[in-house]
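Student: Those letters in the sequence shown? Residues -19 to -1, 1 to 370, per mature numbering (1 follows the signal peptide of the UniProt record, and there is no 0), in order. Just passing along the structure, written as structure tokens.
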Amino acid sequence: MMSLALLLCPFAFTMGAFAFSGALVPMAASLGVTVGEAAALQSGFAIACAICGPVLAKLTSSLPRKPLLLTVLMLMTVLNGLSAMVSGYGALMASRVLVGGVGALAFPLATAIASAGATEDGRPAAVAKVYAGIPLAMIVGIPVGSVLGNTIGWQSCFAATGIVSAMAFALVLVSVPSKIPLQQHSAGSREPVGASIVAHLGIMLIASTALFTLVGLLGPIIRALTGFSGPGIAVLQVIAGLSSLAGIRLGVKYAMGQNRSLLAVLFLVLAVSLAVVVPSLGLQHAGSIGLGTIFVSVVLGPVAQFAIGATVQARLATLTGSSATFVFALNASMVYFGQGLGIALGAAALDLSGIASAPAIGTAIALTGCLFAVWLGHFTKNNFQTARG
């Protein structure tokens, strides 16, 4: 039950970030803005999370974990309800920024609680169980938002997220122990963010930025390639979520191995997943060709990105001690800053150069990540053997 409760924390947060991503076209029409401006609501949420996460983690580091997590979930419930009630674009942007900022602790707190309760060998699996809340949100929460947003209205996306946040609050209240053990740290952990940690945080930033040049515009891209609306978009989002789960399993399996080329290979797969849709979007190949390319993209992209994420999370769990909450908050910050940056770049590309330029930019970023991963593999070849032994 505790694992489910902690998993629901990133589930609710991720659902809130992107539940309306499949309804951007009707949402933009309702609000009287462009599709790019509607997509920027996701960017505002993600960047607020990126900025507030590490700051809040530092400011609240001495507070008990469970009451703090409950407070965060309660505020997420209230603020998502507020988002469902506002009518103007400016007020909606403000409410999404508030949810992103306040909810920034949900994922790192849940991860730190899970990691603290596990043995050293069991930490990668414990962390992966919490991390699985993100792809599960892609499998269930975000597709539900797409259907609701296209049939009932975009406000229902946020109302549903508020309900899920309330469910997470209730489960954490009854299943998470009040006393959470702190991970012990060595004498050198007063300087927890060393070069290896910073490098892995950079990996997360690059991977998230690359993928979300496409994911932030997934609804419009699917419409352009297939003509699908709500239910069709939701089906492809479910496939993307299932691919994400496969990516997490892959990352956990090989995270602590000695394969130095793993991250570089995953970045190459990510680049392919983005590049494959560019010709079809540029030539406006709607129909079977478009469906085939977007299918390949939603299978390969999430596998690669979430395998990268699970690998980084597992390695950070080994590299950190009592500073785990802060480092996990930094990692979540990189994830969400990358998402916000990727969405912003994709939306700007859409408005300036057309929809094909969004995944084209993502491809270039992913290839940059591949080069960085090659360097990181050489830099850290002995680090994890030392950390574990």
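Idealized CB from N, CA, C, for every residue including glycine.
Nearest-angstrom Cα distance between S2 and V233?
Tutor: Your numbering for residue 2 matches position 21 in the sequence shown. Your numbering for residue 233 matches position 252 in the sequence shown. Straight-line Cα distance between these residues: approximately 28 Å.
Student: The alpha helix (DSSP H) spanning H181 covers which residue range?
Tutor: To locate residue 181, count along the sequence shown from 1; it is residue 200. Where H181 is concerned, the enclosing alpha helix (DSSP H) stretches over 176 to 196.
Student: Looking at C-alpha atoms only, which residue of S242, V284, F248 is the closest neighbour of I220?
Tutor: Counting from one through the sequence shown, the residue named residue 220 turns up at place 239. The option with the nearest alpha carbon to I220 is V284.
Student: List the endpoints of the continuous alpha helix (DSSP H) containing G290.
Tutor: On the sequence shown, position 309 is the one that residue 290 refers to. Residues 269 to 300.
Student: State buried or exposed for M(-5), treating a residue as buried only when at least 16 other CB atoms are found within 10 Å of its CB.
Tutor: Against the sequence shown, residue -5 aligns to sequence position 15. Result: buried.
Student: If you reduce the DSSP assignment to three classes, tell me which class H359 lands in.
Tutor: In the sequence shown, residue 359 corresponds to position 378, counting from 1. The answer is helix: DSSP assigns H359 an H, G or I state.
Student: At a cut of 8 Å, does the stretch 252 to 261 reach the stretch 210 to 217 through at least three beta carbon pairs?
Tutor: As far as the Cβ criterion goes, the stretch 252 to 261 does not touch the stretch 210 to 217, which means the pair count is below three.
Student: In three-state DSSP terms, what is G169?
Tutor: Position 188 of the sequence shown, counted from the first residue, corresponds to residue 169. Confidence at G169 is low in this model, with a pLDDT of 41, below 50, so the placement of that residue is unreliable and no value is reported for it.
Student: Could you check how far apart the C-beta atoms of L198 and G327 are, in whole angstroms? I think they sit under 8 Å.
Tutor: Along the sequence shown, read from residue 1 onward, the residue named residue 198 stands at position 217. Along the sequence shown, read from residue 1 onward, the residue named residue 327 stands at position 346. Indeed they touch by this definition, with Cβ atoms about 5 Å apart.
Student: Using a Cβ-Cβ cut-off of 6 Å (strictly less than) and excluding sequence neighbours within five positions of A310, which residues of its own chain qualify?
Tutor: Within the sequence shown, residue 310 is the residue found at index 329, counting from 1. Only G34, P35, A38, P89 meet the Cβ criterion.
Student: If you draw a straight line from the alpha carbon of T15 to that of G98, how long is it in whole angstroms?
Tutor: Indexing the sequence shown from 1 puts residue 15 at position 34. Indexing the sequence shown from 1 puts residue 98 at position 117. Each residue's Cα considered, the two are about 47 Å apart.
Student: Would you report the Cα separation of A168 and A180, rounded to the nearest angstrom?
Tutor: As a working note, residue 168 is residue 187 in the sequence shown. As a working note, residue 180 is residue 199 in the sequence shown. In this predicted model, A168 has a pLDDT of only 40, less than 50, meaning its place in the structure is not dependable enough to derive any value.
Student: Between the Cα of A176 and those of W356, A(-8), A(-15), spot the shortest distance and give me the residue it belongs to.
Tutor: Counted from its first residue, the sequence shown places residue 176 at position 195. Answer by Cα proximity: W356.
Student: For L40, which of M66, M55, L86 has the nearest alpha-carbon?
Tutor: As a first step, residue 40 is located in the sequence shown; it is residue number 59 there, counting from the start. Answer by Cα proximity: L86.
Student: Leaving out five residues before and five after G200 in sequence, what residues of the same chain have Cβ atoms less than 6 Å from its Cβ?
Tutor: Within the sequence shown, the letter at position 219 stands for residue 200. Excluding sequence neighbours, G200 sits near S2, G3, L5, I214.
Student: With a CB to CB cut of under 7 Å and the five nearest residues on each side skipped, what residues in its chain are close to M8?
Tutor: For the purposes of this step, residue 8 is taken as the residue at position 27 of the sequence shown. Excluding sequence neighbours, M8 sits near F1, A19, G130, W135.
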